[in-house]
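Student:
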Amino acid sequence: MDLRYQKLAKTLCGHSTKINEGEHVLLDLWETPVEMAEALIDEISARGAYAHVELGNPRIARKLAMSSGGGRLDVASDCSLYKMKKMNAYIAIRGSHNIFENSDVPQSRMAEISKAMKESIDWRVNKTKWVVLRWPNPAMAQLAQMSTEAFEKFYFDVCTMDYAKMDVGMQAMKELMEATDKVEIKGNGTDLKFSIKGMKAIPCGGQYNIPDGEIFTAPIKDSVEGVVVYNAPTIYNGISFDQITLEFEKGKIVKATSPSNEAQLNKILTSDEGASYIGEFAMGFNPYVNRPMRDILFDEKIAGSFHFTPGQAYSEADNGNKSRIHWDMVSIQTSEWGGGEIWFDGKLIRKDGLFIGEGIDKLNPDYLK
Numbered sequence: 013m014d015l016r017y018q019k020l021a022k023t024l025c026g027h028s029t030k031i032n033e034g035e036h037v038l039l040d041l042w043e044t045p046v047e048m049a050e051a052l053i054d055e056i057s058a059r060g061a062y063a064h065v066e067l068g069n070p071r072i073a074r075k076l077a078m079s080s081g082g083g084r085l086d087v088a089s090d091c092s093l094y095k096m097k098k099m100n101a102y103i104a105i106r107g108s109h110n111i112f113e114n115s116d117v118p119q120s121r122m123a124e125i126s127k128a129m130k131e132s133i134d135w136r137v138n139k140t141k142w143v144v145l146r147w148p149n150p151a152m153a154q155l156a157q158m159s160t161e162a163f164e165k166f167y168f169d170v171c172t173m174d175y176a177k178m179d180v181g182m183q184a185m186k187e188l189m190e191a192t193d194k195v196e197i198k199g200n201g202t203d204l205k206f207s208i209k210g211m212k213a214i215p216c217g218g219q220y221n222i223p224d225g226e227i228f229t230a231p232i233k234d235s236v237e238g239v240v241v242y243n244a245p246t247i248y249n250g251i252s253f254d255q256i257t258l259e260f261e262k263g264k265i266v267k268a269t270s271p272s273n274e275a276q277l278n279k280i281l282t283s284d285e286g287a288s289y290i291g292e293f294a295m296g297f298n299p300y301v302n303r304p305m306r307d308i309l310f311d312e313k314i315a316g317s318f319h320f321t322p323g324q325a326y327s328e329a330d331n332g333n334k335s336r337i338h339w340d341m342v343s344i345q346t347s348e349w350g351g352g353e354i355w356f357d358g359k360l361i362r363k364d365g366l367f368i369g370e371g372i373d374k375l376n377p378d379y380l381k
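Position in the sequence shown (from 1) plus 12 gives the number in my numbering.
(1) Compare the C-alpha of residue 357 against each of 191, 37, 125 and name the closest.
(2) Would you decide whether residue 311 is buried or exposed? Buried here means 16 or more other CB atoms lie within 10 Å of its CB.
(3) Can you tell which of 87, 102, 268, 285 has the C-alpha that lies nearest to the C-alpha of residue 337?
(4) Assign residue 236 to one of three DSSP states: helix, strand, or coil.
(5) By the DSSP assignment, the alpha helix (DSSP H) with residue 182 in it spans what residues?
(6) Just verifying my parser: in three-state terms, what is the DSSP assignment at residue 98?
(7) Use the C-beta contact count for residue 241: other C-beta atoms within 10 angstroms, 16 or more gives buried, fewer gives exposed.
(8) Of all the options 122, 87, 98, 173, which has the alpha carbon lying nearest to the alpha carbon of residue 24?
(9) Within its chain, find whatever has a CB closer than 7 Å to the CB of residue 53; leave out the 5 residues flanking it on each side and keep chain order.
(10) Is residue 339 helix, strand or coil by DSSP?
(11) Any idea what DSSP makes of residue 305, helix, strand or coil?
(12) Looking at the structure shown, is residue 60 part of a helix, part of a strand, or coil, going by DSSP?
(13) Please list the terminal residues of the continuous alpha helix (DSSP H) segment that includes residue 155.
(14) Can you look up residue 379 in the DSSP assignment and give me helix, strand or coil?
(15) Whose CA, out of 181, 309, 363, 254, lies closest to the CA of residue 380?
(16) In three-state terms, what does DSSP make of residue 299?
(17) Between the Cα of residue 46 and the Cα atoms of 370, 147, 27, which residue gives the shortest distance?
(18) Does the distance from the CB of residue 322 to the CB of residue 275 come in under 7 Å?
(19) Quick one: does residue 296 have its CB under 7 Å from some CB of chain C?
(20) Among 167, 137, 139, 238, which has the Cα closest to the Cα of residue 149?
(21) Beta-carbon separation of residue 355 and residue 243 under 7 Å?
(22) What three-state label does DSSP hand residue 147 in the structure shown?
(23) Do residue 31 and residue 61 have their C-beta atoms closer together than 7 Å?
(24) Alpha carbon to alpha carbon, how far is residue 28 from residue 11? Give it in angstroms, no decimals.
(25) Would you check if the stretch 200 to 212 and the stretch 222 to 235 touch, i.e. whether three or more CB-CB distances between them fall below 8 Å?
(26) So what does DSSP say about residue 291, is it helix, strand or coil?
(27) Would you mind working out which of 68, 215, 130 sits nearest residue 109, comparing C-alpha positions?
(28) Would you call residue 138 buried or exposed, if buried means 16 or more other Cβ atoms sit within 10 Å of its Cβ?
(29) Which two residues bound the contiguous beta strand (DSSP E) that contains residue 21?
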């Protein structure tokens, strides 16, 4: 067995989900090598816990989505929720040889699926220990514009880094964010203002996503004003979007534009009431992730980025926004990507992707690497 698999299994079961004796762990594995599944089962068993395995396939999932909804989804939703309620932890590895597999599934069907599975997903997110990651393959290497070998090395370097090193800087940033009222974000076409007064800030250092490296909160729902430009490409439900621009009034998206798939963009952002409001504001700081690769689990952690997310708010930092969607859109503010500034209550706390201030400067790449 590749020793990197064993190291990753220890990270997922030890640092991320902290599996304890007697716990039940659901492994949700899509196009993942058998050896990685074995490494996880071995690690879970060594901790005196119990592994349960579900194997998925994107092509089969697409075929099911295209063929039927309604009654099938009712049963699938009930079964998924029942199983999730039996679990203490959830580890998902989602590989895909074609990230655009769902591009021809009607958005109405994708919305139906999201609605049907929402209760199960909410239970998993709010009531179990969980972590989600991708699996490296040639398709991901192509999106990253890297050789397969180089991408695999990058993947394991990122996924097995010393995430505990983030703790000091994340704690300083948490205290700063929870003492902040007004946030201003400027640069690269963005001129955005909103409040985070009274909202919790949640540090993420490898507990829920691998790779990780972000801290998130949520804006006061009706406080968002201005314009944000997302310069990182994004994929939602198998559809690719580039250079999205959103305009806000009293918290609501009043205009959404993009040079690619603009009609689909607006259909998604009006799929329910909450889809037109923001459910998350976060800043990324993983020192090994420095450019987008059209995979949100990596892109939202880009050092020097922020994401400003239409849709559902997390329960840990809940601004009251409810939606079937949660779409992390990313803007990179490093000098290579046009720069930018983030201000808290009139004080500059990040410029061109680098944090400024005692404590939070320990989230910069020079410290974390």
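Yeah, the Cβ is synthetic: ideal placement off N, Cα and C, and Gly gets one too.
No experiment lies behind these values; they were computed from the predicted model shown.
Tutor: The short version:
(1) One-based indexing of the sequence shown puts residue 357 at position 345. Residue 191 holds the alpha-carbon nearest to the alpha-carbon of residue 357 among 191, 37, 125.
(2) Along the sequence shown, one-based indexing puts residue 311 at 299. Residue 311 counts as buried, since no fewer than 16 other beta carbons sit within 10 angstroms of its beta carbon.
(3) Sequence index remark: in the sequence shown, residue 337 carries index 325 (1-based). The residue with the shortest Cα to Cα distance from residue 337 is 285.
(4) For the purposes of this step, residue 236 is taken as the residue at position 224 of the sequence shown. Secondary structure at residue 236: coil, using DSSP grouped into helix, strand and coil.
(5) On the sequence shown, residue 182 is found 170 positions in, with the first residue counted as 1. Start and end: 179 to 190.
(6) By one-based count along the sequence shown, residue 98 stands at place 86. Three-state result, residue 98: coil.
(7) Stepping through the sequence shown from its first residue, residue 241 is reached at position 229. By the neighbour-count criterion, in which 16 or more other beta carbons inside 10 Å mark a residue as buried, residue 241 falls on the buried side.
(8) As a first step, residue 24 is located in the sequence shown; it is residue number 12 there, counting from the start. Of 122, 87, 98, 173, the residue nearest in Cα terms is 173.
(9) On the sequence shown, position 41 is the one that residue 53 refers to. So the qualifying residues of the chain are 63.
(10) Within the sequence shown, residue 339 is the residue found at index 327, counting from 1. Reduced to three states, the DSSP call for residue 339 is coil.
(11) Taking the first residue of the sequence shown as position 1, residue 305 is located at position 293. Residue 305 falls in the coil class under three-state DSSP.
(12) Sequence index remark: in the sequence shown, residue 60 carries index 48 (1-based). In the structure shown, the three-state DSSP call for residue 60 is coil.
(13) Indexing the sequence shown from 1 puts residue 155 at position 143. From DSSP, the alpha helix (DSSP H) with residue 155 extends over 150 to 155.
(14) Against the sequence shown, residue 379 aligns to sequence position 367. Looking at residue 379 - three-state DSSP - the assignment turns out to be helix.
(15) Here residue 380 corresponds to residue number 368 of the sequence shown, with the count starting at 1. For the residues 181, 309, 363, 254, the minimum Cα distance to residue 380 belongs to 181.
(16) Along the sequence shown, one-based indexing puts residue 299 at 287. In this structure, residue 299 counts as coil in the three-state DSSP scheme.
(17) Here residue 46 refers to the residue found at position 34 when the sequence shown is read from its first residue. Selected option, being the one with the closest Cα: 147.
(18) Along the sequence shown, one-based indexing puts residue 322 at 310. Along the sequence shown, one-based indexing puts residue 275 at 263. Against a cut-off of 7 Å, the Cβ pair of residue 275 and residue 322 comes out as no contact.
(19) Going by chain labels, chain C is absent from the structure shown, which holds only one protein chain.
(20) Locating residue 149 in the sequence shown gives position 137, where the first residue counts as 1. Closest option to residue 149, judged by alpha-carbon separation, among 167, 137, 139, 238: 167.
(21) Taking the first residue of the sequence shown as 1, we reach residue 355 at position 343. Taking the first residue of the sequence shown as 1, we reach residue 243 at position 231. Cβ atoms of residue 355 and residue 243: not closer than 7 Å.
(22) As a first step, residue 147 must be located in the sequence shown, where it is residue number 135. Here DSSP, grouped into helix, strand and coil, assigns residue 147 to coil.
(23) Your numbering for residue 31 matches position 19 in the sequence shown. Your numbering for residue 61 matches position 49 in the sequence shown. It is a contact, given that the beta carbons lie within the stated cut-off.
(24) The chain is shown only over 13 to 381; residue 11 falls outside these bounds and no answer can be derived.
(25) Yes: the two stretches touch, three or more of their Cβ pairs being nearer than 8 Å.
(26) Start at 1 with the first residue of the sequence shown, and residue 291 comes out as number 279. Shown here, residue 291 sits in a strand according to DSSP, grouped into three states.
(27) Locating residue 109 in the sequence shown gives position 97, where the first residue counts as 1. Per the C-alpha coordinates, the member of 68, 215, 130 positioned closest to residue 109 is 68.
(28) Locating residue 138 in the sequence shown gives position 126, counting from the first residue. By the neighbour-count definition (other C-beta atoms within 10 Å, threshold 16), residue 138 is an exposed residue.
(29) Sequence index remark: in the sequence shown, residue 21 carries index 9 (1-based). Residue 21 -> not in any beta strand (DSSP E); alpha helix (DSSP H) instead, spanning 15 to 22.
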